[in-house]
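To start, the structure under review is shown below, and the notes come after it.
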Amino acid sequence: MSKVIIDYDKCDGADCGECADVCPMEILIIDDNDEIAIQHPEECSYCEVCMDVCPNACIKIEDED
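Numbering-wise, the numbering used here comes out as the position in the sequence shown, counting from 1, plus 322.
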């Protein structure tokens, strides 16, 4: 199983929001604090589109042990 990890120190949140705009499964959203949040991670298809569009390279998909 894999999981999506966001490096919030690099993330611009709602000021960017590119990952939330392109996520086909609507896993990445902009929350009430204008930060990128992960909802329903079990539904993620791990397509990596979010990683491709992130200008700050702050999204990773890692395998869980």
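Beta carbons are placed, not taken as given, at the ideal position from N, Cα and C, and that holds for glycine.
Cβ neighbour criterion (16 or more within 10 Å) applied to residue i
{"i": "Ala342", "result": "buried"}
{"i": "Glu328", "result": "For clarity, residue 328 is Ile in the given sequence; the question names Glu instead. Buried: at least 16 other Cβ atoms inside 10 Å."}
Residue i to residue j span [Cα, whole Å]
{"i": "Pro346", "j": "Glu384", "result": "19 Å"}
{"i": "His362", "j": "Asp334", "result": "22 Å"}
{"i": "Cys372", "j": "Lys325", "result": "13 Å"}
Proximity winner among the options, relative to residue i (alpha-carbon distances)
{"i": "Asp354", "options": "Glu370, Ala336 and Glu365", "result": "Ala336"}
{"i": "Cys380", "options": "Ser367, Glu386 and Glu357", "result": "Glu357"}
{"i": "Ile349", "options": "Asp331, Lys332, Cys338 and Glu370", "result": "Glu370"}
Closer than 8 Å to chain B by CB, residue i
{"i": "Ile360", "result": "No chain B is part of this structure, which consists of one protein chain only."}
Simplified DSSP assignment, three categories, for residue i
{"i": "Ala359", "result": "strand"}
{"i": "Asp385", "result": "strand"}
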